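**Q** Heads up, the sequence shown is in the UniProt record's numbering, so the first residue is 1 and it goes up one at a time.
Ideal Cβ positions, reconstructed from N, Cα and C, are used throughout, including at glycine.
On a predicted model such as this, the values are computed, not experimentally measured, just so you know.
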Amino acid sequence: MSTDLRAIAARTLAEVPMNTAFARAVVEETVAGELWADRAEDPRAFHAVHPYGMSLVWGDAVDEALDLVVAYLRERADEGQGEWLQVDPRWDAIDWDDTLDAVPFEDHDQLAGGERVVRHTRVNFAFDAGAFWARRDEHLPVEPWQVRRTVRADFDWPGSVVPSEFWPDADTFLANGGGWVLADGPQVAAMAFASYRAGRQVELGIETAPDWRRRGLATTAAAAMIDNLLVSHLTPVWSCREDNVGSYRLATTLGFRPTLHLPYYRVPAATARPTRRFGWRPDVTGPLRRRRTGTAGRA
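(1) Would a C-beta distance cut-off of 8 Å place Gly-59 and Val-49 closer than the cut-off?
(2) Taking 6 Å as the limit between beta carbons, can you name the residues of its chain near Arg-277, skipping five residues before and five after?
(3) Compute the beta-carbon to beta-carbon distance between residue 325 and Val-27, rounded to the nearest angstrom, for a pair I have assumed lies under 8 Å.
(4) Contact criterion: CB-CB distance below 8 Å. Does Asp-171 meet it with respect to chain D?
(5) I need the DSSP call for Val-253, collapsed to helix, strand or coil.
(6) Checking the sheet assignment: what are the DSSP bridge partners for Asn-124?
(7) Output the residue ranges of the alpha helix (DSSP H) runs that lie fully inside the segment 17-89 and measure 4 residues or longer, sorted by chain position.
(8) Kindly indicate which residue of Val-70, Ala-131, Pro-163 has the alpha-carbon position closest to the one of Ala-251.
(9) Could you work out which residue in Tyr-52, Asp-78, Asp-4 is closest to Asp-42 when comparing CA atoms only?
(10) Is Ala-14 buried or exposed, if buried means 16 or more other CB atoms sit within 10 Å of its CB?
(11) Could you tell me the distance, in whole angstroms, from the CA atom of Phe-166 to the CA atom of Ser-195?
(12) Which same chain residues end up closer than 6 Å to Gly-286 when comparing Cβ atoms and leaving out the 5 residues on each side of it in sequence?
(13) Which class does Ala-269 belong to by DSSP, given the choice of helix, strand or coil?
(14) Is the segment 198-209 touching the segment 226-243, taking contact as three or more C-beta pairs under 8 Å?
(15) Would Ala-21 and Leu-56 qualify as a contact pair, given that the criterion is a beta-carbon distance under 8 Å?
(16) Once the 5 residues before and after Pro-210 are set aside, which same chain residues still bring their CB inside 8 Å of it?
(17) Among the residues of its own chain, which have a CB less than 6 Å from the CB of Ala-9, if the five just before and after it don't count?
(18) Could you tell me the alpha carbon to alpha carbon distance between Leu-229 and Asp-128, rounded to whole angstroms?
(19) Who are the near neighbours of residue 348 in its chain, counting only those whose CB is closer than 7 Å to its CB and skipping five residues on each side?
(20) Give me the residue from Arg-44, Trp-36, Gly-53, Ala-37 with the minimum Cα distance to Ser-160.
(21) For the segment 146-155 against the segment 179-192, are there 3 or more C-beta pairs whose distance is under 8 Å?
(22) Does the separation of the CB atoms of Thr-220 and His-139 fall below 8 Å?
(23) Going by DSSP, name the residue or residues bridged to Ala-194.
(24) Could you please give the first and the last residue of the uninterrupted beta strand (DSSP E) stretch that includes Asp-184?
(25) With a CB to CB cut of under 6 Å and the five nearest residues on each side skipped, what residues in its chain are close to Phe-193?
(26) Please classify Ser-247: is it buried, with 16 or more other beta-carbons within 10 angstroms of its beta-carbon, or exposed?
(27) Taking 8 Å as the cut-off, decide whether the C-beta atoms of Gly-82 and Pro-268 are in contact.
(28) Determine whether the beta carbon atoms of Val-62 and Val-70 lie at a separation below 8 Å.
(29) Could you tell me the distance, in whole angstroms, from the CA atom of residue 312 to the CA atom of Arg-116?
(30) Between Asp-243 and Phe-125, how many whole angstroms is the CB-CB distance? I'm expecting something under 8 Å.
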């Protein structure tokens, strides 16, 4: 994608009224994601996919480019690339459930199986420092656990929500905020880390080792990281699926308050089907599309 077109993508992304840090990482090429526009001149719609699998459709005239957007999403699915899709809230007047042939999460067991697009809800939170400090002493480490800053070796810690899923290498990870771990010597039980960074805002990612889950250890690691962010005059950010009960509860325990609820579509791979409204549009790809290898991750 040309530099000029990428600059337009960045400008229009800055106007989207939601947490867009993951898309910003793609637009700014911090990570090797995929960026698409509906046309090279005066683009009306953009689509970005982070390597972790989260995606966003946005732009100044998404309604005018809707046929092309939907055709492109179907092409991706047909190529075996699933994603977790959000849409610029300024276009919520479009019936996205109908457009994507989606079913609500609460009905997916009966109707969706593994082949239907499922609408979840993604929640954006705002940080309440007063609420955090009111409970801070509840989240101090207990022997034998200690908190420490992440080091280069922590970049390759195994798991699903871990730094290597969000950053290209250890140096980039540490330069963009790193994280904090709860450990007993070499035994790492939990990690809180910068999954995305946008200016002075740092979004937290959390992972707990399987043997140490449901013991509140992630809360201790996250509280240590939030301490450090506040001292550094950075703003902690949190987003998660509403049905991710553990993440939602952890957020509220740490002083985050839900502020925005958005449709969040699980678009499965290799299940694209034409509908009566939108057919395939083979002319929507080409030089506007920056591809990456691999398949979408989890979100």
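**A** According to the data block:
(1) No, these two residues do not count as a Cβ contact at 8 Å.
(2) Caution is warranted here: a pLDDT of 30 is assigned to Arg-277, below 50, making its placement in the model unreliable, and no coordinate value can be reported.
(3) Summary: the structure shown does not reach residue 325, with the chain confined to residues 1 through 299, and so no result is reported for it.
(4) Judged by its chain identifiers, the structure shown contains no chain D, having just a single protein chain.
(5) Rather than Val, the amino acid found at residue 253 in this sequence is Thr. Reduced to three states, the DSSP call for Thr-253 is helix.
(6) Asn-124 pairs with Ser-239, Leu-260.
(7) With a minimum length of 4 residues, the continuous alpha helix (DSSP H) runs that stay inside the segment 17-89 are 21-27, 66-78.
(8) Across the set Val-70, Ala-131, Pro-163, the C-alpha of Ala-131 shows the shortest separation from the C-alpha of Ala-251.
(9) Per the Cα distances, Asp-4.
(10) Classified as exposed, Ala-14 has fewer than 16 neighbouring CB atoms from the shown chains inside 10 Å of its CB.
(11) Going from the Cα of Phe-166 to the Cα of Ser-195 covers about 6 Å.
(12) Note on Gly-286: pLDDT 31, under 50, position unreliable in the model; the coordinate value appears next. The answer is none, since no qualifying residue turns up.
(13) Here Ala-269 sits in coil by DSSP.
(14) Cβ pair count under 8 Å is three or more, so yes.
(15) No; because the gap between Cβ atoms is not below 8 Å, this pair is not in contact.
(16) Cβ neighbours of Pro-210 beyond the five flanking positions: none.
(17) So the list reads Val-27, Phe-46, once near-sequence residues are dropped.
(18) Rounded to whole angstroms, Leu-229 and Asp-128 show a C-alpha spacing of 13 Å.
(19) There is simply no residue 348 to check, as the chain begins at 1 and stops at 299 in what is shown.
(20) It is Gly-53.
(21) For the pair of segments examined, the segment 146-155 was found to touch the segment 179-192: the number of CB pairs separated by less than 8 Å reaches three.
(22) Yes, the pair counts as a contact, with Cβ atoms nearer than the cut-off.
(23) For Ala-194, which the question treats as bridged, DSSP gives the partners Leu-204.
(24) Bounds of the beta strand (DSSP E) holding Asp-184 are 179-184.
(25) Excluding sequence neighbours, Phe-193 sits near Pro-163, Gly-179, Gly-205.
(26) In this structure Ser-247 is buried. Its beta-carbon is surrounded by 16 or more other beta-carbon atoms within 10 angstroms.
(27) In terms of Cβ geometry, Gly-82 and Pro-268 form a close pair [threshold 8 Å].
(28) No, the pair does not count as a contact, with Cβ atoms beyond the cut-off.
(29) The first residue shown for the chain is 1 and the last is 299, placing residue 312 beyond what the model contains.
(30) For a cut-off of 8 Å, the C-beta gap from Asp-243 to Phe-125 is around 15 Å, too long to register as a contact.
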